[in-house]
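Report on the following structure.
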Amino acid sequence: MITMNMLGKIRRLKLRDGLSISEICRRTGLARNTVRRWLNSAEGTEPKY
Numbered sequence: 009m010i011t012m013n014m015l016g017k018i019r020r021l022k023l024r025d026g027l028s029i030s031e032i033c034r035r036t037g038l039a040r041n042t043v044r045r046w047l048n049s050a051e052g053t054e055p056k057y
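Now the structure itself:
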């Protein structure tokens, strides 16, 4: 499960630091699909399971 802190880190790395999804994955240890899904999701919402 991804936490809101991790979501904030992902968004910060992408928007502020301008890192690619691949680089974010290397730094966080998350899968590309996970990072992509969270970046594309509405701000502050968690996916429904």
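Using the numbering used here, read the sequence shown as starting at 9 and increasing by one per residue.
Idealized CB from N, CA, C, for every residue including glycine.
Source: prediction; values computed, not measured.
Can you list, in chain order, the residues of its chain whose CB lies under 8 Å from that of Ala39, leaving out five sequence neighbours each side? In the sequence shown, counting from the first residue as 1, residue 39 sits at position 31. Once the five neighbours on either side are set aside, the close Cβ partners of Ala39 are Cys33.
Buried versus exposed, by CB contacts within 10 Å (16 or more), Leu23: As a working mapping, residue 23 is identified with position 15 in the sequence shown. Leu23 comes out exposed.
Do you know offhand how far Ser49's Cα is from Arg19's? What you label residue 49 is simply residue 41 of the sequence shown in a count that begins at 1. What you label residue 19 is simply residue 11 of the sequence shown in a count that begins at 1. About 11 Å.
Can you tell me whether Ser49 is helix, strand or coil according to DSSP? On the sequence shown, residue 49 is found 41 positions in, with the first residue counted as 1. Of the three classes helix, strand and coil, the one that applies to Ser49 here is coil, per DSSP.
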